[in-house]
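For the sequence shown, counting from 1, position 544 maps to 544 in UniProt numbering; every step adds exactly one.
Backbone N, C-alpha and C fix where the C-beta goes; we use that ideal spot for every residue, glycine too.
As the structure is a computational prediction, the values presented were derived from the model and not from experiment.
Have a look at the structure below before the remarks.
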Amino acid sequence: MDFGDFYQSTSRRTLRYAYGLTGNLQQAQDVTQEAYTRAWQRWRQVSGYDDAEAWLRVVVNRLVQDWWRHLGVRRRIRLEPMLPLPAPSEDTVLLTTALKQLPPAQRQALALHYLLDLSVAQIAAETGVSEGTVKSWLSRGRAGLADSLREEADAAGLRDAGQIAGAGRRRRRTKAIATVTAAGLAVIAVVTLAVAVVRSTRHDQPLNPSPSTTAHTLRRLGEPLPGSRQAAVEATVSGGRFFVAVADAHALTVTALDSATGRRVWQQQVPGRHDSIGGVVASDGFVVVYDAAIADDENGVISNQMNVLDPDTGELWWQREFADPDGNGPGLGEAPMGTAREVALVGEVNSGKLTALNWRTGTVRWTLPGDGSRTIGEVVTREDGYSGFGDSQYDATALTSVLRLSPSGELRRYSLTNGQWTEGWKSVPYSKSTDYLAYGGRLYLRTATQLTTFPLWDNGIGPIVSYTANPVAQGTKETSRLWDLTPCGGDAMCLIDGGNPVEERGRNPYELVAIHAGNTVNRVALDRDTFINTAGPYVLLSSGGLFDSALRQIAPQGQRTAWPVPTGTGQVLLVDRRTTDQGRWEQTALTLFDPVAARATSLGTIAMNPSWLATAPGRLVVETEAGIELYAY
């Protein structure tokens, strides 16, 4: 089949799929044409695939997730224009609102099943999960859609008599709700499944609000979970559940809590020794807990582990043991490199070998050789704007590809589905001492004193020096000046400029810096160590401080040293220690701050561990003397 025949036979189906994933016809048309452009450029390779259309859908998925970063120079070829489609009906808009609330994996499964008529087995093969997981996505997606539609209908309420003139139209809408709720998603072929980046309003002027005097009431849900005497607790949220991991007395316990009721869905004790927790990541397809165990108490050798569980039942699927790259334990030189919905990535630190593991079984799906290439982290923004545990707005499970840079300076993008490379760039500076990060269609290269940008949409532009560190005072030690590179403020890249020893800190600049497109730079002076966090267009500092994209302070007066934590709603939770004894349980004031409305509302004070909490919209998980507690507000 030549390219023209392939395009004619598949383009309408692909457009329908893209429309289902975006909810925006113009955007779907752009995504579809871009996907076919890339297929045309590689047609000799793509035409040899067993299922070229499945490859095309992988490209569409990635373009939908990152559509906004392809607004630069686009490659163009002559394709017949897409025919316009009629505007969505009111029923479609209603369904769209409900579908936007579903997790991405459920939306993708529904789109593949109802838009493209793929079977459960075909969806499982394309997404790399078990058929049982696909059935779970479809079942939970249908249930979630029904709940959302009922909530939409309930929220509408009853109008007065003068407003009931449109009763016939509303009856048609009610009938549509009842039909979808009872009969499933037979009409989903015309509705949209949105995968959109959450964007918040920016401020032109700094804000200085005062907290309101009215307090929300924190209401505890369910019973407390046992805590950890060694303060080894992590949690994340996904699919309406909190997944809480607690390491205590060398044992690891993982619990799933229903975020609506606090009910324990399941609890699992993971075999083996576990002394600390590095993090918890969850999606519709898996829960993974990264933890460490002291394999040799006398010499302090640390063994890192990956534990993968079923999110529905808590069943332990598999474990894999790694080693600290600086340690001497088993598996020396191998470490977890990343978490994605497609596969778990494992890399050899020295050789650059990259291995992709099947999430369900732990078996090897594909391998890239150890040729000295560097695997580069790529950041994708979560559609709901937060990560669950006071971390950042970037989704560890949203990637569908991985970037690799060879010693010859060739950068390639590889599909996580099969390990095949899909596009590449040449003449990218390679160095083992440089840190690399991809975000927003750009590759960032950070050395000890310089930040360089390499645009990925045009191979002819080449690297551009975006920022050079402040010079150090004569006679002081120069260490790594630039660190904590973090996307922030929408189109910006933030970092910390300053890294001299504490005894020399006052002699050199120490700043938070934001570099925007066009190399416009904003900066604010710092007086202590900190780490950068984000929430939509806002920049949060772990040491306290909430800034807009121009780095203007917008936290309420009197709370500018409070720890700001994203909540997933556009609001920020301010965590303010009220005691100074530095004990584990400290009186901690919690304030909910809305940057758009410039309103701060007290949630009350809790005796808790002020250095840890987990969040979801309207929910908090905190550690108190009674254990791990879930609160609603």
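Taking just the CA atoms, how far does residue j sit from residue i?
i: residue 335; j: residue 380; result: 22 Å
i: residue 11; j: residue 133; result: 29 Å
i: residue 269; j: residue 519; result: 50 Å
i: residue 111; j: residue 17; result: 7 Å
i: residue 438; j: residue 41; result: 23 Å
i: residue 61; j: residue 33; result: 13 Å
i: residue 514; j: residue 545; result: 15 Å
i: residue 39; j: residue 29; result: 15 Å
i: residue 265; j: residue 470; result: 52 Å
i: residue 229; j: residue 307; result: 22 Å
i: residue 476; j: residue 561; result: 29 Å
i: residue 455; j: residue 568; result: 30 Å
i: residue 252; j: residue 19; result: 43 Å
i: residue 535; j: residue 482; result: 22 Å
i: residue 625; j: residue 420; result: 51 Å
i: residue 642; j: residue 558; result: Since the displayed the chain opens at 1 and closes at 633, residue 642 lies outside it and no answer follows.
i: residue 64; j: residue 400; result: 11 Å
i: residue 605; j: residue 593; result: 15 Å
i: residue 322; j: residue 217; result: 45 Å
i: residue 488; j: residue 5; result: 44 Å
i: residue 143; j: residue 497; result: 49 Å
i: residue 607; j: residue 621; result: 13 Å
i: residue 543; j: residue 549; result: 18 Å
i: residue 433; j: residue 424; result: 22 Å
i: residue 598; j: residue 554; result: 8 Å
i: residue 648; j: residue 240; result: With the chain running from 1 to 633 in the structure shown, residue 648 is simply not present.
i: residue 457; j: residue 36; result: 16 Å
Less than 8 Å between the C-beta atoms of residue i and residue j, yes or no?
i: residue 600; j: residue 566; result: no
i: residue 453; j: residue 466; result: yes
i: residue 284; j: residue 250; result: no
i: residue 256; j: residue 314; result: yes
i: residue 637; j: residue 484; result: In this structure the chain extends from 1 to 633, so residue 637 is not present and cannot be described.
i: residue 613; j: residue 575; result: yes
i: residue 293; j: residue 320; result: no
i: residue 227; j: residue 623; result: yes
i: residue 642; j: residue 547; result: What the structure shows of the chain is the stretch from 1 to 633, and residue 642 is not part of that stretch, so it cannot be assessed.
i: residue 409; j: residue 426; result: yes
i: residue 588; j: residue 610; result: yes
i: residue 52; j: residue 46; result: yes
i: residue 245; j: residue 254; result: yes
i: residue 54; j: residue 126; result: yes
i: residue 361; j: residue 318; result: yes
i: residue 495; j: residue 541; result: no
i: residue 359; j: residue 521; result: no
i: residue 141; j: residue 630; result: no
i: residue 13; j: residue 116; result: yes
i: residue 316; j: residue 628; result: no
Tell me which residues share the same chain as residue i and place their Cβ nearer than 7 Å to its Cβ, disregarding the 5 neighbours each side in the sequence.
i: residue 634; result: Given a span of 1 to 633 for the chain in the structure shown, any question on residue 634 remains unanswerable.
i: residue 473; result: 507, 508
i: residue 282; result: 236, 238, 243, 311
i: residue 405; result: 373, 374, 376, 411, 428, 430, 436
i: residue 632; result: 219, 221, 618, 619
i: residue 397; result: 281, 283, 339, 340, 341
i: residue 121; result: 131
i: residue 43; result: 3
Residues in the same chain with beta-carbon distance under 6 Å from residue i, minus the five sequence neighbours each way, listed in chain order, please.
i: residue 351; result: 370
i: residue 365; result: 343, 356, 358
i: residue 486; result: 494, 532
Short of 8 Å in beta carbon distance, which residues of its chain neighbour residue i, apart from the five on each side in sequence? Order them along the chain.
i: residue 337; result: 345, 346, 347, 354, 375
i: residue 363; result: 357
i: residue 105; result: 127, 137, 283, 284, 285, 341
i: residue 463; result: 428, 429, 445, 452, 453, 454
Any beta carbon of chain C sitting closer than 8 Å to that of residue i?
i: residue 420; result: Absent from the structure is chain C; it holds one protein chain and no more.
Below 7 Å, is the gap between the Cβ of residue i and the nearest heavy atom of the ligand SAH?
i: residue 440; result: Ligands displayed in this structure: none; no statement on the ligand SAH is therefore possible.
Problem - Three CB pairs or more closer than 8 Å across the region 338–346 and the region 409–425 - result: At 8 Å Cβ cutoff, the stretches touch.
Exercise for the section: Specify whether the region 524–544 and the region 434–450 touch according to this definition: at least 3 beta carbon pairs, one from each stretch, less than 8 Å apart. Expected result: No, the region 524–544 does not touch the region 434–450.
Practice task
Give, in chain order, every unbroken run of the beta strand (DSSP E) that is at least 3 residues long and sits entirely within the region 393–453.
Solution key: You should have 401–405, 411–415, 421–425, 435–439, 442–446.
Practice task
Entirely within the region 545–596 and at least 3 residues each: give me those beta strand (DSSP E) ranges in chain order.
Solution key: The qualifying runs are 563–566, 572–577, 586–594.
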